[in-house]
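Numbering (my numbering), first residue to last: 1 to 493. All residues carry an ideal CB built from backbone N, CA and C; glycine is no exception. To start, the structure under review is shown below, and the notes come after it.
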Ligand SMILES: Cc1cc2nc3c(=O)[nH]c(=O)nc-3n(C[C@@H](O)[C@@H](O)[C@H](O)COP(=O)(O)OP(=O)(O)OC[C@H]3O[C@@H](n4cnc5c(N)ncnc54)[C@H](O)[C@@H]3O)c2cc1C
Ligand code: FES
Ligand code: FES
């Protein structure tokens, strides 16, 4: 077995900051935001909520990605720096608001904000600018929808969104009409940094210790297996749950093992019969890659969190976190997802329907990890996902639900119905699913399935909604599934 030779590890992270190389030691559990506003003394990036909810801390991360065996590409993404841990900057390019203007000459995005009067107190403005920068660096042809998605995670308490959207729209049209050129939008130092990072050879494994805390970033499954065998560690992916748990709720986590540097684990492969999603693939990556074959999953992911949280958070993390109101879990239950787990004794497969054991309890050993999520593909099926929340973005569901049906005209040959927010775990409603079999898919059947569903699920009330409201939502979601099917198939009701 390949073991991690501690001689071959390093403590200091190496990254680029606004075009300049940096090598420094960071605290293993510090966030990028803490690093910026503390040791790096760059206070332009603001701290609002410190839990991913406001976007004031948005920065841009540039990194090398493998395009194919011989070629690399550079990708840029907006992330909430309060959720990303500083050690995860290793090997990346961090862009902040301080890296945009050249002397007195404002960057075109800053100028557009000024021209459209899109700033008042200015607290949200650096985050807005960085979200827009990531949009244009990442997407050569952004649509209006892309623009709104890019800004959905930036809250502004005083200017109002009309002026901010208008600044974004002016930039977008000027960009598409080539009134703004790439050389104006791309900071001048990007090319040089891309060249240097592109040519960089693999470095020693990053392994940081400070008192009782540590952070390790293995590169291979064998190194990961070894690290898990010698320490009581928590797996870290995007950190959108863990960082909040550590920073806001004081979770007693000491050792973190980062999965995001493991070769091949962030990939998504589309086959003829299934989609294979790596255990470190971000929500953004999954949504993009599956759009052509499983649009329902892309749409569901689009309803989660915000753009700059989805660029960090992973699908595997969302499932392993085992929140009863996870947005992806009900859909993946309905789609028949199977998890591939790796561990000390090799690998095993667990259907997602058997993964949840109780509130926040999952079928995953201490030394195991989710290496892949496999989703069967079938063009024949009807799938739909519905989420009920108070806001469209940055809000978790009161109740959500998904359905997968195999239909012969209107007759239901196979059915899987799942809900979130109705039980202690994401819930595959087996009795409700069975009640649909052999029936015509019409409003009468929906009504019948609703009575079975309300027998099968007894949601409790909490701050997000009473038990009665949740029961109403179960019925409402079943009706929505039906109406979506009518629309998709072009049926007369
Ligand atoms: C502001 C905000 C809004 C949000 N909104 C939504 C929302 O609308 N809907 C929703 O469903 N979620 C929402 N979330 C939560 C969502 O971002 C996370 O659940 C995310 O998907 C977790 O992925 P991660 O990579 O960040 O996991 P991490 O935080 O890194 O890890 C989460 C858990 O999963 C474990 N884990 C991670 N990867 C693996 C693996 N490969 N194998 C085994 N265990 C693993 C970790 O050990 C940890 O226990 C929100 C979060 C924030 C901060
Ligand atoms: S400070 Fe609010 S999202 Fe980071
Ligand atoms: S300008 Fe004040 S919060 Fe947006």
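What first and last residue would you give for the beta strand (DSSP E) that runs through residue i?
{"i": "residue 369", "result": "369 to 376"}
{"i": "residue 405", "result": "399 to 408"}
{"i": "residue 416", "result": "411 to 420"}
{"i": "residue 205", "result": "205 to 210"}
Is residue i near ligand 2, judged by its Cβ being under 7 Å from some heavy atom?
{"i": "residue 55", "result": "yes"}
{"i": "residue 239", "result": "no"}
Could you please give the first and the last residue of the uninterrupted alpha helix (DSSP H) stretch that includes residue i?
{"i": "residue 161", "result": "161 to 176"}
{"i": "residue 559", "result": "Any property of residue 559 remains undetermined from this structure, which presents the chain solely from 1 to 493."}
{"i": "residue 115", "result": "108 to 115"}
{"i": "residue 330", "result": "328 to 335"}
{"i": "residue 198", "result": "190 to 199"}
{"i": "residue 230", "result": "221 to 230"}
{"i": "residue 184", "result": "182 to 185"}
{"i": "residue 310", "result": "307 to 310"}
If you measure from the beta carbon of residue i to each beta carbon in chain D, is any gap under 8 Å?
{"i": "residue 135", "result": "This model lacks chain D altogether, as it is built from one protein chain only."}
Does any heavy atom of ligand 3 sit closer than 7 Å to the C-beta of residue i?
{"i": "residue 156", "result": "yes"}
{"i": "residue 120", "result": "yes"}
{"i": "residue 159", "result": "yes"}
{"i": "residue 9", "result": "no"}
{"i": "residue 49", "result": "no"}
If you reduce the DSSP assignment to three classes, tell me which class residue i lands in.
{"i": "residue 127", "result": "helix"}
{"i": "residue 322", "result": "coil"}
{"i": "residue 478", "result": "helix"}
{"i": "residue 144", "result": "helix"}
{"i": "residue 463", "result": "coil"}
{"i": "residue 244", "result": "helix"}
{"i": "residue 15", "result": "strand"}
{"i": "residue 120", "result": "coil"}
{"i": "residue 29", "result": "coil"}
{"i": "residue 275", "result": "strand"}
{"i": "residue 494", "result": "It is not possible to answer for residue 494, since the shown part of the chain is limited to 1 through 493."}
{"i": "residue 268", "result": "strand"}
{"i": "residue 431", "result": "helix"}
{"i": "residue 423", "result": "coil"}
{"i": "residue 470", "result": "helix"}
{"i": "residue 73", "result": "strand"}
{"i": "residue 284", "result": "helix"}
{"i": "residue 217", "result": "strand"}
{"i": "residue 261", "result": "coil"}
{"i": "residue 48", "result": "coil"}
Hey, residue i and residue j: beta-carbon distance below 8 Å or not?
{"i": "residue 296", "j": "residue 170", "result": "no"}
{"i": "residue 219", "j": "residue 166", "result": "no"}
{"i": "residue 59", "j": "residue 45", "result": "yes"}
{"i": "residue 434", "j": "residue 306", "result": "no"}
{"i": "residue 259", "j": "residue 237", "result": "yes"}
{"i": "residue 257", "j": "residue 283", "result": "no"}
May I ask whether a heavy atom of ligand 1 can be found less than 7 Å away from the beta carbon of residue i?
{"i": "residue 46", "result": "no"}
{"i": "residue 277", "result": "no"}
{"i": "residue 296", "result": "no"}
{"i": "residue 396", "result": "yes"}
{"i": "residue 304", "result": "yes"}
{"i": "residue 251", "result": "no"}
Check your understanding: Using 8 Å as the Cβ pair cut-off and three pairs as the minimum, do the segment 83 to 95 and the segment 17 to 30 touch?
Key -> yes
Review point. Is it a yes or a no for the segment 137 to 148 touching the segment 96 to 106, going by three-plus beta-carbon pairs under 8 Å?
Key: no
Exercise for review: Say whether the segment 438 to 452 touches the segment 367 to 379, bearing in mind that this needs 3 or more beta-carbon pairs closer than 8 Å, one atom from each stretch.
Suggested key: no
Practice item. Tell me, please, whether the segment 477 to 491 touches the segment 397 to 413 by the rule of three or more beta-carbon pairs shorter than 8 Å. Key: yes
Review point. Per the contact definition of three or more C-beta pairs closer than 8 Å, is the segment 172 to 192 in contact with the segment 335 to 348?
Key: no
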